[in-house]
Amino acid sequence: MNLNAAKFGFGAGLLLLSFLSTVPLHAQTAGTTLSGVITDASSKGVPNAKISIKNVATSQLTETKTDPAGHYNVQNLTAGDYELSVSAEGFSTNVAKVTISTGAEQTMNLMLGGVLSLGDLGYSPAQTQGSAQDQARLDKRSHMLKIHQRIGLIATAPIVASVITGTFAGGKRTSSTDRYLHLALGSAAGDLYFISAYYAIRAPRIPGTETRGPIRLHKALAWIHGPGMILTPILGAIAFDQKSRGEKVHGIASAHAAVAIVTASAYGASILAVSFKF
Amino acid sequence: MKTKIGMLTAFLSLGFSVFAQTDSRWVLQQSTLTYHVSHALHQVEGVSHEARGKGVCHAGQCDFLIAAAVKTFDSGDSNRDLHMLQVTRGGEFPMISVRTRLPEDAAGSATIHADLEVQFAGQTAKYNQISFQQVTQGNETRITGTIPTTISDFKIDPPSLLGIAVKNEMPVRVEMTWQKQK
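Residue numbers (our numbering), protein chains in the order written: chain A, -14 to 263; chain B, 217 to 398.
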């Protein structure tokens, strides 16, 4: 009797174990996979086509793209009615309805139509197909120019302040405090200016682009304020030394104020050139 | 005998006229596409004259495709145009194309209402019953109208200047001259 009870207990344990072990497996295979190939009118696979599959009942949207051979694969779809939309550059969008059943793997192949293609208009594939690299270059350019713009605008404050404090630093009754304040503001202006310039100079060039419009003036003015931003601190350093020795600013250093004002004016004009439409 | 010849002639001529109707094609001769973007400080217009287009008529229906490279739009400022190219993902999706299907007899109307499918920035947007005015002289037809596109239709992040974003509306004015070919 005890042996029978032990056998029953062992068997029941095994049954329970086998039951428990199957439960997670059922949970893992709950979704259905929909796959297929997207072709053009000549049965050639369409790469990079956008696949959008929307559950009609819940409006839940799943998106993917075809591989270079035109294949796609959408996993873990629950049973129900779906709307499959396929779009690609140069083709009409194809929309089809598909009913997904539980468990089974389903296939749906679609042809992208359009009586006319971009090729019929004389465009070559090189003209109609972009690349992630081209977009990355544009993104990097915009990102760097945004930084150039922000730092350039921030630099305006110390540039204006150093011009104003320059009238005190270079005056007859100048003090070392005035000179050091002017020096600090000038240094901050120069640092910000050259950081901003770095982002403009290092921003990637886009091949085949001709410079047109206000940006031409913006770039042309850089030939004035760029050398000016190098020359101004050199002349300023000489003037600072002369003033610190109790001398009147003389020689080449006497051009410091004029060069600084021309530089600041050109800098201001270059900002205005790209800020407002004339 | 004369009756048979007459019937044959009538049949053949009818056949030719049907053939001529089903095989007509349209070719875009000239075009001006102008997008308009509004900002608190700016009103910007970008113009392209480089669109290409064709239409193919079959069984009383004509399929049209018009396309232009996004980089051909000129706003008068190359910096702004490159920024436009970037925000509209023009590096990855360099073309803007418009497809429409019209009944062949629409060529005789002063106004046509077209359902348009616009592909731009990697997205497809549909615009129904857009009105266009058309004037036909000889075998050339001039079509004008405005497509009420918006920036959000193409999931474009609206660009901003001095912290102010541009308005969502981005209507595209269309002026095209088509030539019918048989």
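No residue lacks a Cβ here, since even glycine has one placed at the ideal position from N, Cα and C.
**Asked** Can you find a CB in chain B that lies within less than 8 Å of the CB of Ile36(A)?
**Response** Position 51 of the first sequence holds residue 36(A). Answer no: the Cβ-Cβ gap between Ile36(A) and chain B never drops below 8 Å.
**Request:** Taking Asp163(A) as the reference, give the member of Ala174(A), Thr150(A), Ala173(A) with the closest Cα.
**Result:** Here residue 163(A) corresponds to residue number 178 of the first sequence, with the count starting at 1. Per the Cα distances, Thr150(A).
**Item:** Best match in Gln259(B), Gly338(B), Leu377(B) for proximity to Ile312(B) [C-alpha to C-alpha]
**Value:** Taking the first residue of the second sequence as 1, we reach residue 312(B) at position 96. Taking only the C-alpha atoms, the option nearest Ile312(B) is Gly338(B).
**Message:** Can you check which of these residues, Ser127(A), Ala243(A), Thr87(A), Leu170(A), is closest to Gly16(A) by C-alpha distance?
**Reply:** For the purposes of this step, residue 16(A) is taken as the residue at position 31 of the first sequence. For the residues Ser127(A), Ala243(A), Thr87(A), Leu170(A), the minimum Cα distance to Gly16(A) belongs to Thr87(A).
**Asked** Could you check where the beta strand (DSSP E) with Asp315(B) kicks off and where it finishes?
**Response** Along the second sequence, read from residue 1 onward, the residue named residue 315(B) stands at position 99. Note that residue 315(B) is Arg in the sequence shown, not Asp. That run of the beta strand (DSSP E) goes 311 to 319.
**Request:** Report yes or no: do the stretch 287 to 294 of chain B and the stretch 190 to 198 of chain A share at least 3 C-beta pairs separated by less than 8 Å?
**Result:** Short answer: they touch.
**Request:** Please list the residues of the stretch 325 to 337 of chain B that have a C-beta atom closer than 9 Å to any C-beta atom in chain E, keeping them in chain order.
**Result:** Protein chains in the displayed structure are A and B, and chain E is not among them.
**Item:** Cα-Cα separation between Arg135(A) and Ala285(B), rounded to whole angstroms
**Value:** As a working note, residue 135(A) is residue 150 in the first sequence. As a working note, residue 285(B) is residue 69 in the second sequence. So the alpha carbons of these two residues sit roughly 31 Å apart.
**Asked** Do we get a CB-CB distance below 8 Å when we pair Arg164(A) with the residues of chain B?
**Response** By 1-based counting over the first sequence, the position of residue 164(A) is 179. For Arg164(A), the answer is no, since every Cβ of chain B falls outside 8 Å of its Cβ.
**Prompt:** Listed from N- to C-terminal order along the chain, which residues in the stretch 93 to 120 of chain A have their beta-carbon within a distance smaller than 9 Å of any beta-carbon of chain B?
**Reply:** Gly99, Val100, Leu101, Ser102, Leu103, Asp105, Leu106, Gly107, Tyr108, Gln112, Thr113, Gln114, Gly115, Ser116, Ala117, Gln118, Asp119, Gln120
**Prompt:** Which value, in whole angstroms, describes the spacing of the CA atoms of Gln302(B) and Ser260(A)?
**Reply:** For the purposes of this step, residue 302(B) is taken as residue 86 along the second sequence, with counting starting at 1. For the purposes of this step, residue 260(A) is taken as residue 275 along the first sequence, with counting starting at 1. In this model, Gln302(B) and Ser260(A) are separated by some 19 Å (Cα to Cα).
**Request:** Could you work out which residue in Val148(A), Pro110(A), Gly231(A), Ile180(A) is closest to Leu166(A) when comparing CA atoms only?
**Result:** Residue 166(A) sits at position 181 when you count from the first residue of the first sequence. For the residues Val148(A), Pro110(A), Gly231(A), Ile180(A), the minimum Cα distance to Leu166(A) belongs to Val148(A).
**Message:** Check whether the stretch 265 to 281 of chain B and the stretch 239 to 248 of chain B are in contact - that is, three or more C-beta pairs closer than 8 Å.
**Reply:** yes
**Item:** Ala254(A) versus Val247(A) - alpha carbon distance
**Value:** Position 269 of the first sequence, counting from 1, holds the residue named residue 254(A). Position 262 of the first sequence, counting from 1, holds the residue named residue 247(A). Rounded to the nearest angstrom, the two C-alpha atoms are 10 Å apart.
**Prompt:** Could you give the distance in angstroms between the alpha-carbon of Leu101(A) and the alpha-carbon of Asp119(A)?
**Reply:** For the purposes of this step, residue 101(A) is taken as the residue at position 116 of the first sequence. For the purposes of this step, residue 119(A) is taken as the residue at position 134 of the first sequence. Their backbone Cα atoms lie some 27 Å apart in a straight line.
**Request:** Give, in chain order, every residue of the stretch 174 to 207 of chain A whose Cβ lies closer than 7 Å to some Cβ of chain B.
**Result:** Residues Ile191, Thr194, Glu195, Thr196, Arg197, Gly198, Pro199, Ile200.
**Message:** If contact is defined by three or more beta carbon pairs under 8 Å, each pair taking one atom from either stretch, is the stretch 173 to 192 of chain A in contact with the stretch 254 to 271 of chain B?
**Reply:** no
**Inter-residue Cα distance where the pair is Val382(B) and Ser254(B)** = Your numbering for residue 382(B) matches position 166 in the second sequence. Your numbering for residue 254(B) matches position 38 in the second sequence. Taking the straight line from one Cα to the other gives about 6 Å.
**Request:** Under 7 Å Cβ to Cβ from Gly361(B), same chain only, skipping five residues before and after it: list those, please.
**Result:** One-based indexing of the second sequence puts residue 361(B) at position 145. Closer than 7 Å at Cβ, skipping near neighbours: Ile346, Ser347, Phe348, Gln349, Val390.
**Item:** Rounded straight-line distance, which links the Cα of Pro189(A) to that of Ile180(A)
**Value:** As a first step, residue 180(A) is located in the first sequence; it is residue number 195 there, counting from the start. As a first step, residue 189(A) is located in the first sequence; it is residue number 204 there, counting from the start. Rounded to whole angstroms, Ile180(A) to Pro189(A) spans 16 Å at the Cα level.
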